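In terms of my numbering, the sequence shown has 145 at position 96, counting the first letter as 1, and numbering is strictly consecutive.
So the structure is just underneath, and the comments pick up after that.
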Amino acid sequence: MSKLIIGASRGIGLEAVRQLRERGDTVIAAVRSATPELEATGAEIREGVDVTRHESLFGLAEALSGRALEWVLVVSGVMRGQRLGELDAEAVAGIREQFETNALGPLMAAEALAPRLAEGGKLGIVTSRMGSIADNTSGNSYGYRMSKAAVNMAAASLAYDLQPRGIAVGLLHPGWVRTDMTGHNGLIDPPESAAALIERMDHIGMADSGRFWHAPNREILPW
Ligand SMILES: NC(=O)c1ccc[n+]([C@@H]2O[C@H](COP(=O)([O-])OP(=O)(O)OC[C@H]3O[C@@H](n4cnc5c(N)ncnc54)[C@H](OP(=O)(O)O)[C@@H]3O)[C@@H](O)[C@H]2O)c1
């Protein structure tokens, strides 16, 4: 069976594909556009997949008809900064973009692709601890925090709705990772983060479906 990773052109998603390929897994990498680094992994690449263009997700599902997926792991995401007192039209557009990408994108990926998941398969969504309301001790980042809190709620519902098919849902914070998103600031590099995401995906089961994990620490985060 294949593992589908959405958002694998660079950063954590690319590294997850690389590590899964290295251990011999069959991987489908869905991206807007392929990169030489992704091509070098030997994964099956599906281009033209933009999580904000829902027809591209349904098109991918159509292209994969007849194939049972073991995992769908949605890694794609964007982060734009917004500060109180500076919420002009451009900032509001950025908040909408983050909702479309970070919250609605993974939900519509589940809508389109959950039917392709095998019984007992797994759905993973890469979220952020910045979407934790209890963990918010510094404010700011309105669109990013709101969109990740929203996707957390979507995943909590998905866990119930996919339970009858034995599909476990994992909400995975990848750590603070040195990627383009963070301007290459952070505590860990993509290999450590991707290894932690893979470890959690391997580990999660129906007993912990819908939980919000700090993947590198293997701890449950507060909502
Ligand atoms: N880095 C961190 O410290 C950190 C912390 C917490 C959570 N996260 C989350 O981890 C995930 C991966 O982040 P990263 O650090 O690897 O970021 P990154 O290096 O900026 O990579 C983002 C990835 O998402 C893809 N993407 C963005 N918008 C998309 C869309 N509309 N449709 C399809 N793919 C899209 C990008 O593809 P293109 O190349 O086509 O743009 C790229 O592959 C995100 O969900 C992020 O919110 C990261």
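Just so you know, even glycine gets a beta-carbon here, dropped at the ideal spot from N, CA and C.
Predicted model only: the values in this text are computed from it and were never measured.
*asked:* Considering Cα atoms alone, identify which of Gly170, Met50, Gly169 and Ala198 is closest to Ala183.
replied: Ala198
*asked:* Looking at ligand 1, does it come within less than 7 Å of Ala199, judged from the CB to the closest heavy atom?
replied: no
*Could you tell me whether the stretch 204 to 213 touches the stretch 238 to 246, using the rule of 3 or more Cβ pairs below 8 Å?*
no
*Validate contact between the stretch 186 to 196 and the stretch 91 to 105 using beta carbons, cut 8 Å, 3 pairs*: At 8 Å Cβ cutoff, the stretches do not touch.
_Under 8 Å between C-beta atoms of Ala142 and Val100_ = Pairing Ala142 with Val100 gives a Cβ-Cβ distance that is not under 8 Å.
*For Ala245, which residues from the same chain have a beta carbon less than 6 Å from its beta carbon, with the 5 sequence-adjacent residues on both sides left out?*
Ala264 and Pro265
_On the criterion of 16 or more Cβ atoms from any shown chain inside 10 Å, does Ser105 qualify as buried, or is it exposed?_
Under this definition Ser105 is a buried residue.
*asked:* At 3 residues or longer, what runs of the beta strand (DSSP E) sit wholly inside the stretch 152 to 200?
replied: Here the runs fully enclosed are 166 to 175.
_Could you give the first and the last residue of the continuous beta strand (DSSP E) run that contains Arg145?_
Arg145 -> not in any beta strand (DSSP E); alpha helix (DSSP H) instead, spanning Ala138 to Gln147.
*Which of the three DSSP states, helix, strand or coil, is assigned to Thr150?*
helix
*Check each candidate in Asn201, Pro271, Ala65 and Glu139 and name the one with the smallest Cα separation from Gly130.*
Glu139
*Quick one: residues in its chain with C-beta nearer than 7 Å to the C-beta of Val218, no 5 flanking neighbours on either side, listed in chain order?*
Leu172, Ala204, Leu207, Ala208, Leu211, Ser258 and Gly259
*Hey, out of Ile269, Phe261 and Ile247, whose CA is closest to Arg67's CA?*
Ile247
*Report the option in Met179, Leu236, Ser125 and Val98 whose CA atom is closest to the CA atom of Leu113.*
Val98
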